[in-house]
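Encoded as structure tokens, the structure appears first; notes follow it.
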Amino acid sequence: MSLKDREAVVAQYAQMFEDANDDEEVIAQLGTPVQVAISLADSYIPSPMDDLPKDPGEVIQTEEEIEEAPQDTPGEDAPEEVLSIEDALSNPVTTEQAQNEVSELSTQDQEPVFKNTETVFAFEETDEESETLPVLSKRQYKSVLTTIYTIFAIIIGLPITIVLICIGIPFIVSGGAAVAFISWLFVFVVSGLSMVSDILLCAGVALAICAIGLVIFWFGLWLSIRLAKAFISGCVLRLGRKICVKKEAVE
Amino acid sequence: MSRTMSIIWKVVIILAIVLLVLGIAASAVGYLTGASVDRMAEVRFGGWDSIETFLTMLRDSLAQLFNSYF
Chain A
1 MSLKDREAVV AQYAQMFEDA NDDEEVIAQL GTPVQVAISL ADSYIPSPMD DLPKDPGEVI
61 QTEEEIEEAP QDTPGEDAPE EVLSIEDALS NPVTTEQAQN EVSELSTQDQ EPVFKNTETV
121 FAFEETDEES ETLPVLSKRQ YKSVLTTIYT IFAIIIGLPI TIVLICIGIP FIVSGGAAVA
181 FISWLFVFVV SGLSMVSDIL LCAGVALAIC AIGLVIFWFG LWLSIRLAKA FISGCVLRLG
241 RKICVKKEAV E
Chain W
1001 MSRTMSIIWK VVIILAIVLL VLGIAASAVG YLTGASVDRM AEVRFGGWDS IETFLTMLRD
1061 SLAQLFNSYF
């Protein structure tokens, strides 16, 4: 509410109190300050700056009255149906209506805020999307360096790989030998035995040693494969990529 | 590759446990039913003396093989 409108409203209320004989009756008619404020806010339409009302009673007009008023007939007198303070006082706002209107006003005030935040988030998302766009890169192999590196990788890397494989060979040999020897011993001993208890004892020991030999054999095989793979992929290929590959960004 | 390795590890461990349990069970049953290592050695190798002779010959052969190469 502009300053002039506020002054007009205050003057109108002052005029009401001057015209009335008893101030208490006017106060009782007006109701609570909240009710008066809501009724004013509900019916308030800002007056144009160049067409300020001369009479304070003409300040408050409803939207419907403005729409219904003929705007293309400046010479004619427009119907001066205004929502004056007397009209507002004749239809006092109850407490429930005031609360409903307060809640409506609060919801109306919140909606644009939510819209604004959504818009901001949308812009932020688009900014993030634009920032997280994948940067395409093109790999180019340096042919001379690749050739030299391949030769040196074979010359140096192959013996190291063989050595790493050989670390697991003792386990493979010992495990395999244990399984093979126990199997032969079992067949050799059991073939000449006649007592079932002796055969059971011999077979039991052979099975237990075979189980241990099997685990040792597989451990040796796994160790050899693991070491060789770790050396080749972790050292040889990674170093080769660093040295021989050149990445270029593609727009 | 690593997944295959882990699967083989599981199979090997399970197989080893099964073999170990079976072997211990068979040995316990054989021992409890009166099995004798001396009798097995005597029946199959002709006694402990024969086994000791066999082991001595094996050791000498390995030592000779080792000395000839290194």
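Here the protein sequences come in this chain order: A and W. If you're matching positions, the first sequence starts at 1 in the working numbering and goes up one per residue. If you're matching positions, the second sequence starts at 1001 in the working numbering and goes up one per residue. The beta carbon of each residue, even a glycine, is placed where N, CA and C say it ideally should be. Values in this document were obtained by computation on a predicted structure and should not be read as measured data.
Closer than 8 Å to chain A by CB, residue i
i         : result
Gly1047/W : no
Ala1025/W : yes
Thr1033/W : yes
Met1057/W : no
Ser1036/W : yes
Arg1003/W : no
Leu1015/W : yes
Ala1065/W : It should be pointed out that residue 1065/W corresponds to Leu in this sequence rather than to Ala. By this cut-off, Leu1065/W is not an interface position.
Leu1062/W : no
Host alpha helix (DSSP H) of residue i (start-end)
i         : result
Ser47/A   : Looking at the DSSP string, Ser47/A is not in any alpha helix (DSSP H), and its letter there is neither H nor E.
Asn1067/W : 1048–1069
Val1018/W : 1002–1032
Thr146/A  : 143–192
Ile216/A  : 196–231
Met16/A   : 3–19
Leu30/A   : 23–30
Cys244/A  : 238–244
Ser1036/W : Here Ser1036/W belongs to no alpha helix (DSSP H), and DSSP marks it neither H nor E.
Neighbour flag for residue i against chain W, beta carbons, 8 Å
i        : result
Cys244/A : no
Ser183/A : no
Lys164/A : A small fix is needed here, since residue 164/A is Leu in this sequence, not Lys. Chain W, which has no Cβ nearer than 8 Å to the Cβ of Leu164/A, makes this no.
Leu227/A : no
Gly192/A : yes
Ala211/A : yes
Val187/A : no
Val253/A : The requested residue 253/A does not occur in the structure, where chain A is confined to residues 1 to 251.
Cys235/A : no
Contacts around residue i, its chain only, beta-carbon distance under 6 Å, and the 5 residues preceding and following it disregarded
i         : result
Phe171/A  : Ile216, Phe219, Gly220
Trp1048/W : Ala1041
Gly168/A  : Gly220, Leu223, Ser224
Leu237/A  : none
Ala153/A  : Val236
Leu30/A   : Val36
Thr1004/W : none
Gly213/A  : Gly175, Ala178, Val179
Asp77/A   : With a pLDDT of 47 at Asp77/A, under the threshold of 50, the modelled position of that residue is not reliable, and the figure given next carries that caveat. Answer for Asp77/A: no residue qualifies.
Close Cβ partners of residue i (< 7 Å) along its chain, the five nearest in sequence each way excluded
i        : result
Val26/A  : Met16, Phe17, Ala20
Leu145/A : Ile243, Cys244
Met1/A   : Tyr44
Beta-carbon proximity list for residue i, same chain, < 8 Å, skipping 5 on both sides
i         : result
Ala1025/W : none
Phe186/A  : Cys202, Ala203, Ala206
Ser183/A  : Ala206, Cys210
Pro112/A  : Annotation note: pLDDT 43 at Pro112/A (below 50); position unreliable, coordinate value reported separately. There are no such residues.
Meets three-Cβ-pair contact criterion under 8 Å: the stretch 205–212 of chain A and the stretch 137–154 of chain A: Three or more Cβ pairs closer than 8 Å define a contact, and the stretch 205–212 of chain A falls short of that threshold against the stretch 137–154 of chain A.
Stretch pair the stretch 159–166 of chain A + the stretch 229–244 of chain A: three plus CB contacts closer than 8 Å: These segments touch.
Residues within the stretch 196–207 of chain A neighbouring chain W, beta-carbon criterion of under 9 Å: Among the residues of the stretch 196–207 of chain A, those with a Cβ less than 9 Å away from any Cβ of chain W are Val196, Ser197, Asp198, Ile199, Leu200, Leu201, Cys202, Ala203, Gly204, Val205, Ala206, Leu207, in the order of the chain.
Segment contact, 8 Å Cβ cut-off, at least three pairs: the stretch 1007–1024 of chain W with the stretch 170–184 of chain A: No: the two stretches stay apart, fewer than three of their Cβ pairs being nearer than 8 Å.
Validate contact between the stretch 184–203 of chain A and the stretch 1027–1037 of chain W using beta carbons, cut 8 Å, 3 pairs: They touch, by the three-pair rule.
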